Amino acid sequence: NAGVTQTPKFRILKIGQSMTLQCAQDMNHNYMYWYRQDPGMGLKLIYYSVGAGITDKGEVPNGYNVSRSTTEDFPLRLELAAPSQTSVYFCASSSGTSYPYEQYFGPGTRLTVT
Amino acid sequence: QQQVKQSPQSLIVQKGGIPIINCAYENTAFDYFPWYQQFPGKGPALLIAIRPDVSEKKEGRFTISFNKSAKQFSLHIMDSQPGDSATYFCAASIETGANNLFFGTGTRLTVIP
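Protein chains in written order, with the numbering used here: chain A, -8 to 105; chain B, 43 to 155.
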């Protein structure tokens, strides 16, 4: 199993550009999550999904959009990138059905907006 | 607004020492408290977790102590090793539903050989 994969690993965007961060998992997990990690701030939940076709906002959803058309894929869309979106983005997945409800994280995408 | 407060921000100990990382929360609906470990350039990975019906949980050299009345919990690492050098995050969630995690701000631990 590859687990949770994310592409790209690094990206530099200019202000106002758009991009999609890709996330895929091969563990047949229903639950998927997008987090951003900023220095000294921990991880903040952007969006999450409890299954194909179902998505919902987390703590910091502004400026982002998601879709979940399949169990495996959960892309994160940035529209009109702003410097405040400079961060490391992590995708995670979980079966969500049995303790300890482990979330499996991908390797992250480091995004810089200039 | 930080739902889970974590301290210290960084910690340096000698090999064999017992680093302690502390977390506090306000939301009494939280009923699941995991700790995640993150190495540089990697995503976080689950280390150990506890539910509030027990006051302590031990897995190998890692122990969570939980104080429900004080709304605090802590991670102890026994006989710390240089390989334990990483960033540690506490988190909290409500176990039902999507189990969305609220993370602390992280503690960067360095274990000196």
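Where is the CB? At the ideal position from N, CA and C, for every residue including glycine. None of the values given here were measured: they were computed from a predicted structure.
Tyr95 of chain A burial status per 10 Å Cβ neighbour count (16 or more: buried): The count along the first sequence starts at 1 and reaches residue 95 of chain A at position 104. Buried.
How far does the beta strand (DSSP E) with Leu69 of chain A in it extend, from its first residue to its last? The residue labelled residue 69 of chain A in the question sits at position 78 within the first sequence. Start and end: 67 to 69.
Across which residues does DSSP place Gln8 of chain A in a beta bridge pair? Here residue 8 of chain A refers to the residue found at position 17 of the first sequence. Per DSSP, none; premise fails for Gln8 of chain A.
Taking Cβ-Cβ distances shorter than 8 angstroms, what residues in chain B pair up with Met10 of chain A? By one-based count along the first sequence, residue 10 of chain A stands at place 19. By Cβ distance, chain B contributes nothing, its closest Cβ being about 20 angstroms from Met10 of chain A, past 8 angstroms.
Kindly indicate the opening and closing residues of the beta strand (DSSP E) around Tyr78 of chain B. Within the second sequence, numbered from 1, the residue matching residue 78 of chain B stands at position 36. Residues 75 to 80.
C-alpha gap between Gln13 of chain A and Met23 of chain A, whole angstroms: As a working note, residue 13 of chain A is residue 22 in the first sequence. As a working note, residue 23 of chain A is residue 32 in the first sequence. Approximately 12 angstroms between the Cα atoms of the pair.
Here's a check: name, in chain order, each residue in its chain whose Cβ is nearer than 7 angstroms to the Cβ of Ala128 of chain B, leaving out the five neighbours to either side. Residue 128 of chain B sits at position 86 when you count from the first residue of the second sequence. The answer, listed in chain order, is Gln79, Gln80, Phe81, Leu151.
Tell me whether the beta-carbon of Leu36 of chain A lies closer than 8 angstroms to the beta-carbon of Leu143 of chain B. The residue given as residue 36 of chain A occupies position 45 in the first sequence. The residue given as residue 143 of chain B occupies position 101 in the second sequence. Contact flag set, yes.
Please work out which residues of its chain come closer than 8 angstroms, Cβ to Cβ, to Arg93 of chain B, disregarding the five sequence neighbours upstream and downstream, and give them in chain order. Residue numbering aside, residue 93 of chain B sits at position 51 when the second sequence is read from its first letter. The residues are Asp73, Tyr74, Phe75, Glu137.
Got a sec: which bits of the region 63 to 90 of chain B sit with their beta carbon under 9 angstroms from any beta carbon on chain A, in order along the chain? Tyr74, Pro76, Tyr78, Gln80, Gly83, Lys84, Gly85, Pro86, Ala87, Leu88, Ile90
The region 52 to 61 of chain B / the region 46 to 66 of chain A touching (three or more Cβ pairs under 8 angstroms): no
Which value, in whole angstroms, describes the spacing of the CA atoms of Ser75 of chain A and Pro86 of chain B? Mapped onto the first sequence, residue 75 of chain A falls at position 84. Mapped onto the second sequence, residue 86 of chain B falls at position 44. Approximately 23 angstroms between the Cα atoms of the pair.
Please confirm whether Gln13 of chain A has its beta-carbon closer than 8 angstroms to some beta-carbon of chain B. If you number the first sequence from 1, residue 13 of chain A lands on position 22. Output row for Gln13 of chain A: interface = no.
With burial defined as no fewer than 16 other Cβ atoms inside 10 Å of the residue's Cβ, what is the status of Ala140 of chain B: buried or exposed? Taking the first residue of the second sequence as 1, we reach residue 140 of chain B at position 98. Ala140 of chain B should be labelled buried.
What are the partner residues of Tyr24 of chain A, as DSSP defines its beta bridges? On the first sequence, position 33 is the one that residue 24 of chain A refers to. Tyr24 of chain A pairs with A:Tyr39, A:Ala83.
Using alpha carbons as the reference points, say which of A:Leu4, A:Gly7, A:Glu70, A:Asn21 lies closest to Glu93 of chain A. On the first sequence, residue 93 of chain A is found 102 positions in, with the first residue counted as 1. The candidate whose alpha carbon is nearest that of Glu93 of chain A is A:Asn21.
Contact list for the region 73 to 104 of chain A against chain B, Cβ threshold 9 angstroms: Phe81, Cys82, Ala83, Ser85, Gly87, Tyr90, Pro91, Tyr92, Glu93, Gln94, Tyr95, Phe96, Gly97, Pro98, Gly99
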